[in-house]
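Here's the structure we're looking at; comments come further down.
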Amino acid sequence: MTSSLKYLGGYSPALRQQVQQLIDDGQLGAWLAKRYPDAPAHAIQNDGALYDYTQRLKQQHMRSSVAVTKVFYDARLHVIDNALGQHRFVSRVQGSKLKRKNEIKVSALLKTLPEPLLRMVVVHELAHLREKEHNKAFYQLCQHMEPDYHQLELDLRLFLTLKG
């Protein structure tokens, strides 16, 4: 397969061959447009809206988890680093207390993609509040919050492949 499929390395050869055929036929963009006809029309375009969006998802699925103190878009976070989202756990000593902050940053690229793909990345980062590693429990939690998690992850990789 060509290097244009670098985001699909972990997928089966049969799937990669299907995607390569769509690319060769110039049909990958049309296929994605059919799957996401409203793309990228979502209103989550600034840090405040992203914070509210994340908090709603957290409240809906992970009410008892630790608080998220900051959520923001980061234009420097790029897919080349193999990440479209990151979470940070920051501990600071303030007087005699240890203050813990949980931050999530999301690639600004997701402003231009369909909302379900943004939701998948936010769900992924929220799942790290409970599960630090990418293990079976982590992916079960992702699927609990977003039943189409794995399909959305593949679709996100297809958008990245299309954007080159």
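The opening position of the sequence shown corresponds to residue 1 in the numbering used here, with each subsequent residue numbered one higher. Where a beta carbon is used, it is the ideal one built from N, C-alpha and C, also for glycine. None of these values were measured; they are calculated from a predicted model.
Short of 8 angstroms in beta carbon distance, which residues of its chain neighbour G164, apart from the five on each side in sequence? Order them along the chain. S4
Less than 9 angstroms between the beta carbons of F72 and L117, yes or no? no
Name, in chain order, the residues that DSSP records as bridge partners for S107. D74.
Measuring only the C-alpha atoms, how far is Q101 from Q21? The sequence given here places Lys at residue 101; Gln does not occur at that position. For K101 and Q21, the distance between alpha carbons rounds to 46 angstroms.
Taking C-beta to C-beta, are V121 and V106 nearer than 9 angstroms? yes
According to the Cβ coordinates, are Y11 and L154 closer than 9 angstroms? Yes, the Cβ-Cβ distance between Y11 and L154 is below 9 angstroms.
Distance between L126 and F138 (C-alpha atoms, nearest Å): When rounded, the distance between both Cα atoms is 10 angstroms.
Under 9 angstroms between C-beta atoms, does S4 make it to chain B? No chain B is part of this structure, which consists of one protein chain only.
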